[in-house]
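Each residue of the sequence shown is one higher than the one before, starting from 5 at the first, in this note's numbering.
Below is one structure, written out as structure tokens; the observations come after it.
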Amino acid sequence: MSPDELRAHIAEVAAAHDRFMSEAARPAPPPVQKSGPDVPARSYDAAEAPSEDELMAAPVTGALLVETIAQLHTQLDDAIARELRGLREELRAEIKQSELELDELKTELRNLPPARSPRMRGTFNPNTEYSQLDVVALNGSSFIALGDAPGACPGANWQLVASCGRRGSKGKRGERGRDGGEHRILAN
Numbered sequence: 005m006s007p008d009e010l011r012a013h014i015a016e017v018a019a020a021h022d023r024f025m026s027e028a029a030r031p032a033p034p035p036v037q038k039s040g041p042d043v044p045a046r047s048y049d050a051a052e053a054p055s056e057d058e059l060m061a062a063p064v065t066g067a068l069l070v071e072t073i074a075q076l077h078t079q080l081d082d083a084i085a086r087e088l089r090g091l092r093e094e095l096r097a098e099i100k101q102s103e104l105e106l107d108e109l110k111t112e113l114r115n116l117p118p119a120r121s122p123r124m125r126g127t128f129n130p131n132t133e134y135s136q137l138d139v140v141a142l143n144g145s146s147f148i149a150l151g152d153a154p155g156a157c158p159g160a161n162w163q164l165v166a167s168c169g170r171r172g173s174k175g176k177r178g179e180r181g182r183d184g185g186e187h188r189i190l191a192n
């Protein structure tokens with residue numbers, strides 16, 4: 005799951021949580037525990053919600069509040085557990101897919117030809133057999149063999165690596181150095 009997909013998923017879960025909390029925050033109406041001329045007795049199993057007057061008239065007891073909070077905790081715990089199970093399954097599937105891809109890469113790596121490095125062979129000798137990546141020197145330049153048995157150097161199966169430059173012009177004469185002084189021989 006990409007970071008953007010994860011952010012979107014978290015936002016979706018947060019929105020679902022907010023909806024759940026707004027619905028859960030409306031506890032089931034408490035049963036009417038008293039009736040009288042001002043407040044009619046009513047059963048709350050009816051399809052319509054109690055009126056605000058009925059709710060205000062019904063005493064809320066500590067036991068009812070504790071029970072409502074316990075129900076909310078249970079519902080929230082269940083919702084979190086469901087979400088975690090789903091995330092755990094998604095993660096397991098992604099790990100399995102990553103392991104399969106890693107196995108494929110390992111197989112491809114094992115199937116690669118062995119790595120070779122250039123081998124310095126000294127000055128070119130026409131009587132010596134050379135292999136691919138052998139490097140030789142010839143007339144101040146260096147060449148690398150492009151394949152096994154490359155033939156005469158330079159040639160079509162040799163690649164110039166470094167070329168010998170031309171001798172530069174003579175520089176200015178420098179100042180005369182100091183005369184040598186006395187030389188003493190140090191004895192052991």
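We put the beta carbon where it would ideally sit given N, CA and C, even for glycine.
Bear in mind that the values here come from a model prediction, so they are computed numbers and not experimental data.
Spanning the alpha carbons of Ile148 and Arg114 requires a straight line of approximately 27 angstroms. Residue environment: Asp138 is assigned as buried (16 or more neighbouring CB atoms within 10 Å of its CB, all protein chains considered).
Per DSSP, the beta bridge partners of Gln163 are Ile148. Inter-segment contact for the segment 124-132 and the segment 142-159 is present: three or more beta-carbon pairs are separated by less than 8 angstroms.
With a 10 Å radius around the Cβ and a threshold of 16 neighbouring Cβ atoms, Val140 comes out buried. A straight-line Cα-Cα distance of about 16 angstroms links Cys168 and Trp162. Beta-bridge pairing by DSSP links Asp138 to Arg123. For a cut-off of 8 angstroms, the C-beta gap from Ser145 to Leu164 is around 6 angstroms, short enough to register as a contact.
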